[in-house]
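*Asks:* I have a structure I would like to understand better, so I am pasting it below and will then ask my questions one at a time.
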Amino acid sequence: MNIKVLDTTLRDGEQTPGVSLTSNEKLRIATKLDEIGVDFIEAGSAITSEGERESIKEIAGQNFNAEILSFSRPLNADIDYCIDCDVDAINLVVPTSDLHIEDKLKTTREKLLDLSNNAIDYCKDHGLIVELSAEDASRSDVDFLKSVYINAIDHDVDRICVCDTVGILTPDSSFELFSQFKDFKVPVACHCHNDFGLAVANTLSAIKGGATEIHTTINGIGERAGNTSFEECVVSIDRLLNDYSTNIKINEIYDMSKLVARLTGVYIQPNKAIVGENAFAHESGIHSDGIIKNSATYEPMTPELVGRKRKFVIGKHMGTHGLNNRLKELGLSVDDSQLKQICDNIKVLADKGKTVTDVDLQVIADNVLEINHEDLIKLDEVTIVSGNKVMPTASVKITIDGEQILNAGVGLGPVDAAINAIKSLDIFKDIDLIEYHVDSITGGTDAFIDVIIKLQKGDKVVSARGTEADIINASVKAYIAGVNRLLRD
Ligand code: MN
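Just so we're aligned, residue 142 is where the sequence shown starts under this note's numbering, counting upward by one.
Spelled out as structure tokens, the structure:
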């Protein structure tokens, strides 16, 4: 059985507290949603604002394979705005619980039925596909809920949706509820919220109960605790539910997730299934050993399935033997004293509370392996003036190939000023800073700051790190280390 996916990252997902996307960002997300194989994209809610309408219209004009919907209340004014946006379909949201009907809308069940039926007729008259979503369906009187759906089907609705608006279903009650609609002649969709952490489980139960369409958001973002997570649900259907499948290209899931995390600024918890930083990470020891022999020992699926790579975390308990193997796998050969130096440096970082990844190991090893090289550029001094009333200004004294040079620069902040003071010198002119990443290793304001940067010159890319108590020193150190590495050959 093929399960259709309606993604509502751009509507319910954007209702995440603190999230607001520009039209361009929405278009980028919609484009990726279409590429990855989402069947229906809810692009927004047309009534919201002029900007929202422009964005919906832009997405609707892209000739995507996916059907483009706008959210709408059962009011002609709302629907007119959707029509102006040239969407294919309407997600017509009608509250069906007495709580919503009486306390929110101050109306009656009868009037609500009329509202719903009239809105469907109005949409159909304008050639729109209509999915009728019963809001708060899971707390509605089931007989009334059924009558809303049956009325809708009589009015030629295309699909119906059962919304667990406040996330109170359990896998059992979800199965029971959805089983009641399995004889309907239109597809039944499931829209779950994650207030009790059960959204994905309830969605899978809904499928077992007869739902053939699921609503999701990327990374599960959404109001309060969010919605059914796209990646968890889609991969579960693929790997755990026999006889069910979706049209999603699973190996692009990680890219999709990262795009949305970056654009929304809602970062993913490290232990989140499928897309979390640690989802395919293994600590050194028995697990790593098993994984190397046969990955199935400690992985229910390969990381490649979802577009990821396995990661081994290098801890302070790792012996030199294991470390040497790891270095060999990374293509680095070291002698005994270098191996000991690398091992010591890892322990220093680990003692500061830093998790040492393969990328870290690479940088540490590179640093150790280059200890014997004579660096072309040396930092002698850096002085910063910064504050709330002055433009951050830096002066640097550096020695390039034996000649000491003094230079100054300004910037948006002290780090920017320091880097500008260095890079305005001729020798740096073809070098681009392509990534700058800051991590605070320990807790308070006395934390060690770990800066990792990536520099590019032509087609050569290097990364380098600086770890210091001072963010400016750490940044400058990382920058100069990277430049020295770039200029070495
Ligand atoms: Mn919702």
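Just so you know, even glycine gets a beta-carbon here, dropped at the ideal spot from N, CA and C.
If we count the other Cβ atoms within 10 Å of its Cβ and call it buried at 16 or more, is Met532 buried or exposed?
*Replies:* When all chains shown are included, Met532 counts as exposed.
*Asks:* Is any non-hydrogen atom of ligand 1 found closer than 7 Å to the C-beta of Thr306, if you look at the structure I gave you?
*Replies:* Yes; taking the cut-off as 7 Å, the Cβ of Thr306 has a heavy atom of ligand 1 nearer than that.
*Asks:* Any idea what DSSP makes of Ile188, helix, strand or coil?
*Replies:* In the structure shown, Ile188 sits in coil (DSSP, three-state: anything other than H, G, I, E or B).
*Asks:* Quick check on Ala218: buried or exposed, where buried means 16 or more other Cβ atoms within 10 Å of its Cβ?
*Replies:* Result: exposed.
*Asks:* The alpha helix (DSSP H) that contains Arg280, what's its start and end?
*Replies:* It is not in any alpha helix (DSSP H) - Arg280 carries neither H nor E in the DSSP assignment.
*Asks:* Got a sec? Which residues, its chain only, sit under 6 Å from Asn383 by beta carbon, not counting five neighbours each side?
*Replies:* The answer is none, since no qualifying residue turns up.
*Asks:* Considering Val146, what are the terminal residues of the beta strand (DSSP E) in which it resides?
*Replies:* Looking at the DSSP string, the run of the beta strand (DSSP E) that includes Val146 is Lys145 to Asp148.
*Asks:* Enumerated in chain order, which unbroken segments of the alpha helix (DSSP H) with a length of 4 residues or greater are wholly contained in the region 387-433?
*Replies:* Fully enclosed alpha helix (DSSP H) runs of 4 or longer: 394-405.
*Asks:* Alpha carbon to alpha carbon, what distance is there between Cys484 and Leu464?
*Replies:* When rounded, the distance between both Cα atoms is 8 Å.
*Asks:* For Glu364, name the three-state secondary structure that DSSP assigns.
*Replies:* Three-state result, Glu364: coil.
*Asks:* Where in the region 240-314 do unbroken runs of the beta strand (DSSP E), each at least 3 residues long, occur, reported from the N-terminal end onward?
*Replies:* Complete beta strand (DSSP E) runs here, min 3: 270-276 and 300-305.
*Asks:* Return helix, strand or coil for Asp477, following the three-state DSSP convention.
*Replies:* Here Asp477 sits in helix by DSSP.
*Asks:* Is Thr443 buried or exposed, if buried means 16 or more other CB atoms sit within 10 Å of its CB?
*Replies:* Exposed, by the Cβ-count rule.
*Asks:* Across the region 403-413 and the region 466-474, are there enough close Cβ pairs to call them in contact, namely three or more that are closer than 8 Å?
*Replies:* No contact exists between the region 403-413 and the region 466-474.
*Asks:* Taking the alpha carbon of Pro328 as the point to measure from, which residue in Ser274, Ala340 and Lys252 has its own alpha carbon closest?
*Replies:* The shortest C-alpha separation from Pro328 is found at Ser274.
*Asks:* Ligand 1 and Asn368: does the residue's C-beta get closer than 7 Å to at least one heavy atom of that ligand?
*Replies:* Yes, the beta carbon of Asn368 sits closer than 7 Å to at least one heavy atom of ligand 1.
*Asks:* Please report the Cβ distance between Ser565 and Gly550, rounded to the nearest whole angstrom; I am assuming they are in contact, meaning their Cβ atoms lie under 8 Å.
*Replies:* So it is a contact: roughly 6 Å between Cβ atoms.
*Asks:* Determine whether the beta carbon atoms of Asp266 and Cys304 lie at a separation below 8 Å.
*Replies:* For Asp266 and Cys304, no; Cβs fall outside 8 Å.
*Asks:* How would you call Ala445, buried or exposed, if buried means at least 16 neighbouring beta carbons within 10 angstroms?
*Replies:* Looking at the sequence itself, residue 445 is Glu, so the reference to Ala does not match. Under this definition Glu445 is an exposed residue.
*Asks:* Just mark Gly462 as buried or exposed, buried being the case when its beta carbon has 16 or more other beta carbons within 10 Å.
*Replies:* In the sequence under discussion, the amino acid at residue 462 is His, which differs from the Gly named in the question. Classification for His462: exposed.
*Asks:* Would you check if the region 411-423 and the region 177-192 touch, i.e. whether three or more CB-CB distances between them fall below 8 Å?
*Replies:* Output reads no: the region 411-423 does not touch the region 177-192.
*Asks:* Could you check whether the Cβ of Asp336 sits closer than 7 Å to any heavy atom belonging to ligand 1?
*Replies:* Outside the cutoff, so no.
*Asks:* Just verifying my parser: in three-state terms, what is the DSSP assignment at Gln203?
*Replies:* The answer is coil: DSSP assigns Gln203 none of H, G, I, E or B.
*Asks:* Quick one: residues in its chain with C-beta nearer than 7 Å to the C-beta of Tyr620, no 5 flanking neighbours on either side, listed in chain order?
*Replies:* These residues qualify, in order along the chain: Ile560, Ile563 and Ile594.
*Asks:* What separation, rounded to the nearest whole angstrom, lies between the Cα atoms of Asp611 and Ala622?
*Replies:* The alpha-carbon atoms of Asp611 and Ala622 are separated by roughly 16 Å.
*Asks:* I need the straight-line Cα distance from Glu418 to Ile409, nearest angstrom please.
*Replies:* Taking the straight line joining both Cα atoms gives about 8 Å.
*Asks:* In terms of residue numbering, what span does the beta strand (DSSP E) encompassing Ile593 cover?
*Replies:* First-last of the beta strand (DSSP E) with Ile593: Ile590 to Lys598.
*Asks:* Which residues mark the beginning and the end of the beta strand (DSSP E) in which Arg606 is found?
*Replies:* That run of the beta strand (DSSP E) goes Lys601 to Glu609.
*Asks:* Using a Cβ-based criterion (distance less than 7 Å to any ligand heavy atom), does Asp153 qualify as near ligand 3?
*Replies:* Ligands in the displayed structure: ligand 1; ligand 3 is not one of them.
*Asks:* Mind the definition here: the region 231-250 touches the region 189-209 only if three or more C-beta pairs lie below 8 Å; say whether that holds.
*Replies:* Segments in contact, no.
*Asks:* Please determine whether the Cβ atom of His332 lies at a distance below 7 Å from any heavy atom of ligand 1.
*Replies:* Yes, ligand 1 has a heavy atom inside 7 Å of this Cβ.
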